[in-house]
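Position 92 (the sequence shown) corresponds to 92 in UniProt numbering; numbering is contiguous. Where a beta carbon is used, it is the ideal one built from N, C-alpha and C, also for glycine.
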Amino acid sequence: MKKHGHLNRDIARILAGMGHTDSLVIADCGLPIPPGVECVDLALRLGEPGFAAVLDSVLADFQCERAVFAIECRRHNQAVQDKAEEMAQSGVALDFVSHEEFKQRCQAARAVIRTGECAPYANVILHSGVIF
Numbered sequence: 001m002k003k004h005g006h007l008n009r010d011i012a013r014i015l016a017g018m019g020h021t022d023s024l025v026i027a028d029c030g031l032p033i034p035p036g037v038e039c040v041d042l043a044l045r046l047g048e049p050g051f052a053a054v055l056d057s058v059l060a061d062f063q064c065e066r067a068v069f070a071i072e073c074r075r076h077n078q079a080v081q082d083k084a085e086e087m088a089q090s091g092v093a094l095d096f097v098s099h100e101e102f103k104q105r106c107q108a109a110r111a112v113i114r115t116g117e118c119a120p121y122a123n124v125i126l127h128s129g130v131i132f
């Protein structure tokens, strides 16, 4: 049995298969999943698990060089804006795009991890960095 990292076998597999600049989406429960993009659905009920908990868990096991957020989070979701600033302080480059552009960019993702989060604009696209 695995001792550290993700116990969810689908998330562990996806992270292990990521290459430089590949993208992974962490989404609230309302974000549409593009056809053909793998979805790991963690949602149990509204709010569980939350966006921040899933993001923190993924970032503990994932080298992220860039993150993309919907610009609307700046006005409508202070908690997501705070997570973005926290990521920037740890050296992750940030981009903010319209929510419509965000949904378009999700089509190129390797996978979407769907949370139970029900707050608006609680979504991020993580771009893989390298560990060397």
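Give me the Cβ distance between residue i and residue j, rounded to the nearest whole Å; I'm assuming they're in contact under 8 Å.
i       : j      : result
Ala-111 : Val-58 : Contact doesn't hold; Cβ gap of about 11 Å is too wide.
Leu-126 : Cys-64 : 5 Å
Just reading off the alpha helix (DSSP H) that residue i is part of, what are its end residues?
i       : result
Ser-57  : 51 to 59
Glu-101 : 99 to 105
Arg-45  : Per DSSP, Arg-45 belongs to no alpha helix (DSSP H) and is neither H nor E.
Confirm, please, whether the CB-CB distance from residue j to residue i is below 9 Å.
i       : j       : result
Leu-24  : Ser-90  : no
Val-37  : Ala-67  : no
Ile-26  : Phe-51  : yes
Cys-106 : Leu-46  : no
Ala-16  : Gly-116 : no
Ala-84  : Phe-69  : yes
Ala-122 : Asp-28  : yes
Check the DSSP bridge columns for residue i and list the partner residues they point to.
i      : result
Ile-14 : Per DSSP, none; premise fails for Ile-14.
Ser-90 : Answer by DSSP bridge pairing: none, since Ser-90 is not bridged.
Arg-66 : Ala-93 and His-127
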